[in-house]
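*Asks:* Please find one structure pasted underneath; my questions will follow.
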Amino acid sequence: MPARLLVFGRSGQVARALAAAPAEFEVELAGRERIDLAQPAPDVAGLIAAVRPVAVINAAAYTAVDRAEAEPEACARLNCDAVAAIGRACADAAIPLIHFSTDYVFDGEKGAPYLEADPRRPLNVYGRTKGEGEAALEALWAAGAAGAVIRSSWIFSASGQSFLQTMLRLARERDEVAVVADQWGSPTPALACAEAALALTRLLLDRDQAGQGMFHAAGADSMTWADFAQAIFAASAARGGPAAEVRRIASKDYPTAAVRPRDTRLDSAHLAACTGWRTPPFAAALAHCLASMESP
Numbered sequence: 001m002p003a004r005l006l007v008f009g010r011s012g013q014v015a016r017a018l019a020a021a022p023a024e025f026e027v028e029l030a031g032r033e034r035i036d037l038a039q040p041a042p043d044v045a046g047l048i049a050a051v052r053p054v055a056v057i058n059a060a061a062y063t064a065v066d067r068a069e070a071e072p073e074a075c076a077r078l079n080c081d082a083v084a085a086i087g088r089a090c091a092d093a094a095i096p097l098i099h100f101s102t103d104y105v106f107d108g109e110k111g112a113p114y115l116e117a118d119p120r121r122p123l124n125v126y127g128r129t130k131g132e133g134e135a136a137l138e139a140l141w142a143a144g145a146a147g148a149v150i151r152s153s154w155i156f157s158a159s160g161q162s163f164l165q166t167m168l169r170l171a172r173e174r175d176e177v178a179v180v181a182d183q184w185g186s187p188t189p190a191l192a193c194a195e196a197a198l199a200l201t202r203l204l205l206d207r208d209q210a211g212q213g214m215f216h217a218a219g220a221d222s223m224t225w226a227d228f229a230q231a232i233f234a235a236s237a238a239r240g241g242p243a244a245e246v247r248r249i250a251s252k253d254y255p256t257a258a259v260r261p262r263d264t265r266l267d268s269a270h271l272a273a274c275t276g277w278r279t280p281p282f283a284a285a286l287a288h289c290l291a292s293m294e295s296p
């Protein structure tokens, strides 16, 4: 019998990738229509009791980074309060929770890929609330709860909303796109994020402490947003799709409500050592996404 997993989130990129989990798992997605985590005191315990999963994966979040600056309370409800509620409900039910977090918990000033133990120093509301959600789960772990946090970076896929879809849309509308060239990160396919969550789920269900704690799951290829855009346009053009010229600009020339960290590369060696997890090469993952978008 497949192991039943409850996944919070439905339309996001990682949730969609988890829906295609291998046959050893039965995945039940819980979107906003089933439980609204943005509301005070959502009945997480009731949903867990009804679904009876062996583990929970939280892929739901408030991800509108700029809007969060004007809506800090709404952002905190999803990224901190709801995470704490899910964590408590899982601890009470004695089942593990795997939660997704972000590279934006860091300030980008390290000058090298971040490790799991590096201190959180967020620059914006989104990063601060995600860090507070992590801290809530760490407190539960200290009390004996089972679980893991996966920080990832610049997630992309063939579905949902991501930088990939935005660049392709802009390429259909204009010949040139201005893209920031002084912020560094690690583009990560959503499918690799899902695989990381499932690998840690297997360990936690086996009560293997190697699956407990903080992990980074990010692509091995680091680049700027401008590099990412150029790669998208080159791969799209090679398939006969939309493409545009990239005009490389500085962050100061593209002001946003939220300050972005300038270098949030993540070191994923710990996850690889514990689970054997690997991301595919960036070019191969990008080509796979574009081919999937062409499929009927």
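Oh and the sequence shown: position 259 is 259 in the working numbering, straight run, nothing missing.
For each residue, glycine too, the CB sits at the ideal point set by N, CA and C.
All of these numbers come straight from a predicted model, not from anything done at the bench.
1. Alpha carbon to alpha carbon, how far is P242 from V14?
2. Is it the case that the Cβ atoms of A192 and M293 are separated by a distance below 7 Å?
3. Would you kindly report the start and end of the unbroken beta strand (DSSP E) that includes V246?
4. Cutting at 6 Å between CB atoms, please list the residues of its own chain near T256, excluding the five before and the five after it.
5. Which residue's Cα is closest to the Cα of D263: P22, D103, V54?
6. Buried or exposed for Q230, going by 16 or more other Cβ atoms inside 10 Å?
7. Hey, how far is the Cα of A23 from the Cα of A3?
8. What number of angstroms, rounded off, separates the C-alpha of A153 from the C-alpha of I48?
9. Assuming P280 contacts G108 (C-beta within less than 8 Å), just tell me the rounded distance between them.
10. In chain order, which alpha helix (DSSP H) runs of at least 4 residues are fully inside the segment 107-159?
11. What is the DSSP secondary structure of A3, reduced to helix, strand or coil?
12. Does A70 pass the burial test, meaning 16 or more other C-beta atoms within 10 Å, or should it be called exposed?
13. What is the DSSP secondary structure of E302, counted as helix, strand or coil?
14. Pull up the distance between the alpha-carbon of A220 and that of A194, whole angstroms please.
15. According to the neighbour-count rule (16 or more other Cβ atoms, all chains shown, within 10 Å of its Cβ), is M1 buried or exposed?
*Replies:* Here's the rundown:
1. 25 Å
2. No; because the gap between Cβ atoms is not below 7 Å, this pair is not in contact.
3. 245-249
4. These residues qualify, in order along the chain: D66.
5. D103
6. buried
7. 9 Å
8. It is worth fixing the name first, because residue 153 is Ser in this sequence and not Ala. So the alpha carbons of these two residues sit roughly 29 Å apart.
9. The C-beta distance from P280 to G108 rounds to 25 Å, too long to meet the 8 Å contact threshold.
10. 125-142
11. strand
12. Burial call: exposed.
13. Since the displayed the chain opens at 1 and closes at 296, residue 302 lies outside it and no answer follows.
14. Their Cα atoms are separated by approximately 16 Å.
15. With fewer than 16 other Cβ atoms within 10 Å, it is exposed.
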